[in-house]
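Chemist: If you read the sequences in order, they're chains S and R.
Sequential numbering from 329 applies to the first sequence in this note's numbering.
Sequential numbering from 3 applies to the second sequence in this note's numbering.
Think of the CB as a built atom: it goes at the ideal place given N, C-alpha and C, for glycine as much as any other residue.
Once you've had a glance at the structure underneath, I'll fire off some questions.
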Amino acid sequence: MRRQYATLALVFLVLFSVVASGCVSSGGGGEEKPTTIVIGVTDKVTDLDPANAYDFYTWEVLNNVMEGLVKYKPGTLEIEPALAESWEVNEDSTVWTFHLRKDLKFADGTPLTAKDVVRSIERVMTIQGDPSWLVTDFVDKVEAKDDYTVVFYLKQPTAYFLALLTTPPYFPVHPDYAADQIQSDQTAGGAGPYKITKWVRDEELVLEANPNYYGEKPKTEKIIIKFYRDASTMRLALQNGEIDIAWRTLRPSDIDSLKKDENFNVIEVPGGYIRYICLNTKNDPTSNVKVRQALAAAVDRPEIVKKVFMGTMEPLYSLVPNGMWSHKDVFETAYGDGNIDKAKALLSEAGYSESNPLEIQLWYTPTHYGDTEADLAQMLKEQWEKTGMIKVTIKSAEWGTYTDYARNGQMQVYLLGWYPDYLDPDDYTTPFLKSGANKWAGTGYSNPTMDDLLSQAQRLSDQNERAKLYEQVQDILAQDVPYIPLIQGKLFVVTQKNVKGVTIGPDMIFRYSTLYKE
Amino acid sequence: MARGLGQYIIIRALMIIPTILILYTLVFFFLRILPGNPVMAVVGTKNIPPEQLEHLMQMAGLDKPLYVQYFDYLKGVLHGDFGVTLAFPMGKPVWDYIAQRFPATLELALWAFTVSVLLGLLTGVIGATRKGTKTDSAMRVYSIIAYTLFIPWFGMMLQYLFGIHLHWLPTSGRLDPGVNLHTVTGLYVLDSIITGNWDALVSSVRHLILPALTLGIVLSGAYTRLVRNNMVDVLSQDFIRAYHARGVADRKVMWYALKNAFIPVVTLMGLQFAILLGGAVLTETTFSWPGMGTFLVDRIDYRDYNAIQGAVIFFAFFVGVISLIVDIVYALLDPRVKY
C-alpha cells in the first residue's frame, strides 16, 4: 500500500517534470527568428483610432503604423518632411500649404492622396474624440487643392503648428476608418513603417514591415508587443527570455538591479514627462502666496530623486522641462532645495509659528503614477514637517475620484503628472497657467499678465522672441507658485544583450523601425 | 420523485434571479455613490475643454437621471445586452470583452480545479490510510499550509523556480509571442487540439502549468482535509471490514471507500468553483493572465460602470448555474437528499 502511494506521487512529479522540461526542448518559447523582436509593455493600447486615442503609449503604436505630414527627425527636436515633402506658410502663419510626396500608399497598396488627409482631419473634427481639440482649437478648415496639395486655414496665428502636425489626430488614416464613428479596434492603420497583422486586446499586437512604406525599410521585419499587467511580471518575462525588450513603467528598484545584471542593456533616455505639486489658490490656507512659497522652499528635490526614485528621475525647477528651449531653473534660483530657513521665514510672515502650525492635507493617487507614489507623498510630508511649523495629513483617492476632486478644486495640495501633447513650451505653460485653460488642474490660478504673455507667445513666430516671453512666464510662476515642479522622468529601455538600435527622441516615442538583433 | 426533482430544479433556478438583481442593484448604486466617474478617469489630467467633457458625459449616458440609467441597463441585460464600455476604449460592447476574457478564466479554473481535486484526493487518501502516522500528520500540515498560502506570493515563488531559475516554463500570458491559434471555443488547449495546431497546444499547456498549479495547490488543502476525514470515517465502517474479511483486494476496498467518501466532496467542489473564480482574480494578476479577473480589476481602476456591472452579473450568473448543477448532481448521487 505504502509503496503504491509513494509510486503515485513519484509518477506525478516525473510527469510534471517531463511535460515541463520536454516542452522546453520542443522549442515552444524563447526561440524567436532573428527577424522578430518581442517588446513587453505594462501600458495598454486604449484605442487604435487616432481620432480618439489620447495617451502616450497608444500614440507610440500609432506613430509606428501611421505617419503625419511632418515628423521629428529621430532622436532630435528638429522637424523634417514625412508624407509632405515641402510646405509654405503665409506671413501671419494662418495658412499652411503642404505638398505631398507622389505615389504615397497605405499599407495595403491603396493610394494616399490629399483627399485622404482632408478626410482624416475632418473625421477628427466630426467625431470630437478626446484629442480632437488639438485640431479643432486651431484649424478652421482644411482643403485639398489637388491630389498632392493640402491647405490648412487656422483660426489664429499658430507658430508651433508643425509640432501639432506630428500628433496622431493629424495622421491620415486608411479609408476603412468610418467617417463619423470611432473604431477602437481598427487595424487598417495609415502609411507608417509598420502595419498591424494581429491584434488581441491586452494580450498581443503583431506588427510587420509595411511593404508600401515610402521611406527606409524597417530593420526588423516583425515586432511583437506583449501586454503585461504589472512591472514585476514583465521583469520576470525579461529575465526568462520571453521578451527581448522591457519598456516603460519598470519600478526604480527593478531598473537599479537590472543595471547591475550583465545579461541586459539598460538604456536611459531623457523624457519630457514631468511631476509637480498643485496648490489650490482659491481656498485657505494655500490661497496665501506666502504659504505656497514656503512649501516650495522646503521641498528638497535631490533627496526625492535619490530616496524615492533611486536616481531614475531628475530634479525639475520649472514647468518647462529641462533641455527644452526657454527652460529656466526659476524655482532653484528663488528657493533652492530644502531651504528650511526661508520656509520658516515665509511661514512666519504668513502668521504661522511652531505653536500655531500650518495644517495641510496632501493628496496622492495610489496606482496611476506607479508604486512609488505613496513614498513620494510620505517624503514630502517629512520635508515639510522638518520646518516644525507645518502639519501634513496624507490622503489618497483612486484615479477616477482623484481627477474629479482636482477638477472641482476640492483638494488643497495634490500630486499630478503631465505627458506633453506636443513639444513646445506652450504645452507646458498655457494649460497650467492661462485662466480657464487650467480648469482641469483645479488650482484656480488666474493672472492677467500671465494670460497676456501666453497669448503673445502663441502668436509670435520668432523663437527667440517667444523664448523671452516664456522666461517671463516662468519667473511669474516662481513668484505666484500655483504649482511646484518636482521631477522630470527619465525613460528606461531594458533589452537583452543582442538587441540594438533603440531610438527614442525627445518626443518620447519609441520608433521600432531602427531596432535589430545581432 | 421525478416531479419533486423537477420542481426543485425550477425553484433553484428561479432563485438565481433575485440573487443577481440584488447584486446588480448594490453594485450599481455603490459605484455611483463614490465620487468620480469613468469619463473623468479617461480624461484624467488632459486639458480638454468643458464642452468636450459634457459631450463625453452625454456619449456615456451619464447625464441621465440615476433611475433611468438603472432601468436602461437592466433592460439591456434582459435582452442580453451588457452595454458598452465607458472607458478605454469608449463604446465597445462589454459582451465582446466577456466573450474574449471569460474562456481564459474558465480554462485556468478548469485546470486548477483538476489539479486541486487530484491533489486533494491523493493527499486525503494517503492521510486516511496512514491514520495516526507521521505521514498522516504531514498530509494535515500540507492541507493547512496549502489553504493558507497567499496566491501572489506562492505564484511568484513558482515563477522564480520554474521560470527564472530552471527556465522550464513561461511566467506569464497564454501563448508564446507570435504563436497563431484560430480560436473556436476560446479554451486554447481545446482549440489547438480541434484545429490540430500542435505548436499552440504545447505553448498553451506550458503557459497553463504554473498558474493552474498555483491556484490548484492552494485550493487542494480543503479537499485533503475533507477526503481524509470522510475516508477515515468510511474505512471504520462494517462493510469495509466485511470486504477485508472476504479477502477483497486492498485497492478495490479503497476504491469503494473513496466512492462512499465522495458525496460531501461533490458539494465542496461546487463551493470551491466559486472560490476558484475569486482566486483566479489573484492568479490572473500574478501571471498577467488575460481573463475576467484582470479585466475586472482594470475596469474598477477606471470606474467603468457598465463593464463592472456586466462582469459582476455574468460572474453571478455563472456561479449560480454551477451551484445549481452541483445541487442537482448531489441530489442524484445521494437519494437521502430531500427536495
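1. Take every Cβ of the region 770-788 of chain S, pair it with every Cβ of the region 826-841 of chain S, and state whether three or more of those distances are shorter than 8 Å.
2. Going by beta-carbon coordinates alone, are H427/S and Y385/S separated by less than 7 Å?
3. Under DSSP, the beta strand (DSSP E) around W575/S begins and ends at which residues?
4. Tell me the DSSP bridge mates of G416/S?
5. Just mark P378/S as buried or exposed, buried being the case when its beta carbon has 16 or more other beta carbons within 10 Å.
6. Using a Cβ-Cβ cut-off of less than 7 Å, give me the residues of the region 503-522 of chain S that come near chain R, in sequence order.
7. Could you check the C-alpha separation between G764/S and E687/S for me, to the nearest Å?
8. What is the rounded straight-line gap between the Cα of S354/S and the Cα of S174/R?
9. Could you run through the region 421-434 of chain S and flag, in chain order, every residue whose CB is less than 7 Å away from some CB of chain R?
10. Could you give the first and the last residue of the continuous alpha helix (DSSP H) run that contains P154/R?
11. The beta strand (DSSP E) with N792/S in it runs from where to where?
12. Just to make sure I have the definition right: I need the residues of chain S whose C-beta is within less than 7 Å of the C-beta of T51/R. Which are they?
13. Determine the closest residue to L108/R out of I330/R, W291/R and G46/R, with distance taken between C-alpha atoms.
14. Cβ of E109/R less than 7 Å from any chain S Cβ?
15. Put G46/R into one of helix, strand or coil per three-state DSSP.
16. According to the Cβ coordinates, are L744/S and K762/S closer than 7 Å?
17. Pick helix, strand or coil for T823/S, following the three-state DSSP scheme.
18. What does a CB cutoff of less than 7 Å around A673/S pick up in its chain, not counting 5 residues either side in sequence?
19. Since T364/S meets chain R, which of its residues come closer than 9 Å, beta carbon to beta carbon?
20. Taking Cβ-Cβ distances shorter than 9 Å, what residues in chain R pair up with W727/S?
21. Within a Cβ cutoff of 7 Å, which residues of the same chain sit near P497/S, ignoring the five residues on either side of it in sequence?
22. Taking Cβ to Cβ, would you say L566/S is nearer than 7 Å to A574/S?
23. Could you check what DSSP says for E109/R in three-state terms: helix, strand or coil?
24. Applying the criterion that 16 or more other CB atoms from any shown protein chain within 10 Å of the CB defines a buried residue, is R248/R buried or exposed?
25. Measuring only between beta-carbons, confirm whether K845/S sits less than 7 Å from chain R.
26. When the Cα of I153/R is compared with those of G93/R, P95/R and G218/R, which residue comes out closest?
27. Give the secondary structure of L210/R by DSSP, where H, G and I count as helix, E and B as strand, and everything else as coil.
28. Starting from the C-beta of R603/S, find all residues in its chain whose C-beta is less than 6 Å away, skip the five residues before and the five after it, and write them out in chain order.
29. What did DSSP end up calling R603/S once you bin it into helix, strand or coil?
30. Can you tell me the Cα-Cα spacing of S581/S and M638/S, whole angstroms?
31. DSSP state of E536/S, grouped into three classes?
32. Below 8 Å on the Cβ atoms is my contact criterion, and I expect I595/S with V366/S to pass it. Report the Cβ-Cβ distance as a whole number of Å.
33. Quick check on this structure: which residue in F115/R, R243/R and I242/R has the alpha carbon closest to the alpha carbon of S222/R?
34. Does Y862/S have its Cβ less than 7 Å from a Cβ in chain R?
35. With DSSP collapsed to three states, give me the class of N392/S.
36. For F384/S, which of helix, strand or coil comes out of DSSP?
Modeler: The short version:
1. Touching, no.
2. Result no, Cβ atoms of H427/S and Y385/S do not sit closer than 7 Å.
3. For W575/S, the uninterrupted beta strand (DSSP E) run begins and ends at I573 to W575, by DSSP.
4. Note on residue identity: the sequence assigns Glu, not Gly, to residue 416/S. T425/S, per the DSSP bridge assignment.
5. So P378/S counts as buried.
6. Hits within the stretch, in order: I510 and S512.
7. Near 28 Å, if we compare the C-alpha coordinates of E687/S and G764/S.
8. Low local confidence applies: a pLDDT of 39 at S354/S is under 50, so the model's placement there is unreliable, with the coordinate-based value given in what follows. For the pair S354/S and S174/R, the Cα-to-Cα distance works out to about 19 Å.
9. Those residues of the region 421-434 of chain S that come within reach of chain R (Cβ to Cβ, closer than 7 Å) do not exist; the list is empty.
10. It spans I153 to L160 - the alpha helix (DSSP H) in which P154/R sits, taken as one unbroken run.
11. No beta strand (DSSP E) holds N792/S; the alpha helix (DSSP H) holding it covers Q791 to D808.
12. The amino acid occupying residue 51/R in the given sequence is Pro; Thr does not appear at that position. Result: W461.
13. The option with the nearest alpha carbon to L108/R is W291/R.
14. Not one chain S Cβ lies under 7 Å of E109/R.
15. In the structure shown, G46/R falls within a coil segment according to DSSP collapsed to helix, strand and coil.
16. No. Outside cutoff.
17. Strand.
18. Around A673/S: no qualifying Cβ.
19. Neighbours of T364/S across chain R, judged by C-beta separation under 9 Å: P179 and G180.
20. Result: G38, M42, A43, G46, D303, Y304 and R305.
21. Around P497/S, the same chain offers P378, A379, V452, P459, S460, L462 and V463 as residues with beta carbons nearer than 7 Å, after the five sequence neighbours per side are excluded.
22. Yes, the Cβ-Cβ distance between L566/S and A574/S is below 7 Å.
23. Look at E109/R here: in three-state DSSP terms it is helix.
24. The residue in question, R248/R, is exposed, as its Cβ has fewer than 16 Cβ neighbours within 10 Å.
25. Closer than 7 Å: no.
26. Out of G93/R, P95/R and G218/R, the CA that lies nearest to the CA of I153/R is found in G218/R.
27. In this structure, L210/R counts as helix in the three-state DSSP scheme.
28. Answer for R603/S: G745, L814 and I815, listed in chain order.
29. DSSP places R603/S within a strand segment (E or B) once states are collapsed to three.
30. When rounded, the distance between both Cα atoms is 7 Å.
31. Strand.
32. That pair is no contact at about 17 Å.
33. When F115/R, R243/R and I242/R are compared, the shortest CA-CA separation from S222/R is found for F115/R.
34. One cannot answer for residue 862/S here, as it falls past the ends of chain S, which runs 329 to 846.
35. In the structure shown, N392/S sits in a helix (DSSP, three-state: H, G or I).
36. Reduced to three states, the DSSP call for F384/S is helix.
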